[in-house]
Amino acid sequence: MNSHLLCSEIVEKALNYIGRDNMDALVASLEKSGVKMDDEIFDTYERLAMALERMFGEAASILEQQIIEETSARLNFHASTEMDFVQAMRQLRNTRQQMH
Amino acid sequence: MRILIAEDEETIAESYELILKSRGHLVTMTKNGKSCVEHYVAELEASERNPAIKDALHNTFSASVREQSPFDVVILDYRMPVMDGVEAAKKILGLVPEQRIVFASAYLRGTLLDSIRQLNRVTELLTKPFGLDEMVDVVEDEHLYKQLQKLNVNVRELKLFNPTHAQIFDLLEGLVKLRNLDVDYITKSLSGQKISGSNATGGDFA
Numbered sequence: 001m002n003s004h005l006l007c008s009e010i011v012e013k014a015l016n017y018i019g020r021d022n023m024d025a026l027v028a029s030l031e032k033s034g035v036k037m038d039d040e041i042f043d044t045y046e047r048l049a050m051a052l053e054r055m056f057g058e059a060a061s062i063l064e065q066q067i068i069e070e071t072s073a074r075l076n077f078h079a080s081t082e083m084d085f086v087q088a089m090r091q092l093r094n095t096r097q098q099m100h
Numbered sequence: 101m102r103i104l105i106a107e108d109e110e111t112i113a114e115s116y117e118l119i120l121k122s123r124g125h126l127v128t129m130t131k132n133g134k135s136c137v138e139h140y141v142a143e144l145e146a147s148e149r150n151p152a153i154k155d156a157l158h159n160t161f162s163a164s165v166r167e168q169s170p171f172d173v174v175i176l177d178y179r180m181p182v183m184d185g186v187e188a189a190k191k192i193l194g195l196v197p198e199q200r201i202v203f204a205s206a207y208l209r210g211t212l213l214d215s216i217r218q219l220n221r222v223t224e225l226l227t228k229p230f231g232l233d234e235m236v237d238v239v240e241d242e243h244l245y246k247q248l249q250k251l252n253v254n255v256r257e258l259k260l261f262n263p264t265h266a267q268i269f270d271l272l273e274g275l276v277k278l279r280n281l282d283v284d285y286i287t288k289s290l291s292g293q294k295i296s297g298s299n300a301t302g303g304d305f306a
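Respectively, the protein sequence lines represent chains A and B.
Mapping of the first sequence onto my numbering: residues 1 to 100, in sequence order.
Mapping of the second sequence onto my numbering: residues 101 to 306, in sequence order.
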């Protein structure tokens, strides 16, 4: 299991399909919104969710789902489909803390 | 997609149904606005009896529209007997304000004006006469996907998520804004000006 889950790595891998130039613009914009991309993903998830919802409205849920899946894959963890982004990230963080 | 159609001309209705079913959509045909609204209400009530969907219905509309609405899109003929398209749209939007509605009309100006005056929104419009391919493109959001492709989005991968019309639209709008922000940022950086926020409007495609 990776011990360090950087927000930038997760977001870039999960949202690869939106294209490199869009990704660069997104990362720059997230950093301007106060989402530090060199933080661990769990430290920034609420700000990340808010920023994505502000930028992409209804589409944020698609992007968030991909981020959840990428994070879950790295942690070998199954997030429930019933959960929203913040709930899933919270559970992932708790599980990770219990394992340490 | 689950599609509800109101069209009073039988041969036209049959051709809509045939092409959309051949594309794998679930199509419900009705002959006028009144019957269309009745079908809509019946489906909505059936959804409400499903506890999972009932919860979504009573939440805010920021939740998934897919779960709240019994149909992904409602296509309404503008002029119909018994109840016309605008009246039917008004009743449907009264039940589910986020419902996606497409008018099929030969009266471009009249439909747009009615849409704004009576529904307080600009709805999507298929201007009659239109080809069936054109209708499929509108229903399946091909015009939005093409614009996303121009922005280097991997559309094939995006389609795997089965996004709603609202999600595709919001993604496109968000990316356009992001790119305008980026251009704004680069332009100001190059000219040595202080960056003080965005004036991105997303109006390029709107």
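We put the CB at the ideal spot given by N, CA and C, even for glycine.
Exercise for the section: Say whether chain B places a C-beta atom closer than 7 Å to the C-beta of A/Gln-26. Expected result: The question names Gln, but residue 26 of chain A is Leu in the sequence shown. Yes, its Cβ sits closer than 7 Å to a Cβ of chain B.
Practice task
May I have a chain-ordered list of the alpha helix (DSSP H) segments no shorter than 4 residues that lie completely inside the region 184-228 of chain B?
Solution key: DSSP assignment within the region 184-228 of chain B yields the following whole alpha helix (DSSP H) runs of 4 residues or more, N-terminal first: 185-195 and 208-219.
Problem - C-alpha gap between B/Ser-115 and B/Thr-223, whole angstroms - result: Distance between the alpha carbons of B/Ser-115 and B/Thr-223: 23 Å.
Exercise for the section: Give the single residue among A/Asp-84, A/Gln-65, A/Val-86 and A/Asn-76 whose Cα lies nearest to the Cα of A/Ala-14. Expected result: Residue nearest to A/Ala-14 within the set A/Asp-84, A/Gln-65, A/Val-86 and A/Asn-76 is A/Gln-65 (criterion: CA-CA distance).
Practice task
Could you tell me the boundaries of the alpha helix (DSSP H) in which A/Leu-52 lies?
Solution key: Per DSSP, A/Leu-52 belongs to the alpha helix (DSSP H) from 41-56.
Problem - Rounded separation between B/Glu-148 and A/Arg-20 - CA only - result: Each residue's Cα considered, the two are about 42 Å apart.
Exercise for the section: Using a Cβ-Cβ cut-off of less than 8 Å, list which residues of the region 242-264 of chain B approach chain A; keep chain order. Expected result: When C-beta distances to chain A are compared with 8 Å, the residues of the region 242-264 of chain B below that value are Leu-251, Asn-252, Val-253, Asn-254, Glu-257, Leu-258, Phe-261, Pro-263 and Thr-264, in chain order.
Practice task
Give the single residue among A/Phe-56, A/Ala-73 and A/Met-83 whose Cα lies nearest to the Cα of B/Ala-266.
Solution key: Ranked by Cα distance from B/Ala-266, the first of A/Phe-56, A/Ala-73 and A/Met-83 is A/Phe-56.
Handout entry: Candidates B/Ser-122, B/Ile-119 and B/Ile-103, of which the one nearest B/Cys-136 by Cα
Key = In terms of Cα proximity to B/Cys-136, the closest of B/Ser-122, B/Ile-119 and B/Ile-103 is B/Ile-103.
Exercise for the section: Could you tell me which residues DSSP pairs with B/Met-129 in its beta bridges? Expected result: DSSP output for B/Met-129 lists B/Ile-105 as bridge partner(s).
Exercise for the section: Measure how close the beta-carbons of B/Leu-126 and A/Asn-22 come, nearest whole angstrom, since I'm counting them as under 8 Å. Expected result: Between B/Leu-126 and A/Asn-22 the beta-carbon gap is near 33 Å, outside 8 Å, which marks them as no contact.
Handout entry: Backbone CA spacing between B/Ile-192 and A/Glu-9 [nearest angstrom]
Key = If I take the Cα positions, the gap works out to 44 Å.
Exercise for the section: Look up A/Leu-63 in the DSSP assignment and give the residues it is bridged to. Expected result: Beta-bridge partners assigned by DSSP to A/Leu-63: none are found.
Exercise for the section: Write down the C-beta distance between B/Met-129 and B/Ile-112 rounded to the nearest angstrom, noting that I regard them as a contact closer than 8 Å. Expected result: In this structure, B/Met-129 and B/Ile-112 do not form a Cβ contact; the two beta carbons are roughly 11 Å apart against a cut-off of 8 Å.
Practice task
Could you tell me whether the Cβ atoms of A/Ile-68 and A/Ala-88 are closer together than 7 Å?
Solution key: The answer is yes: Cβ separation under 7 Å.
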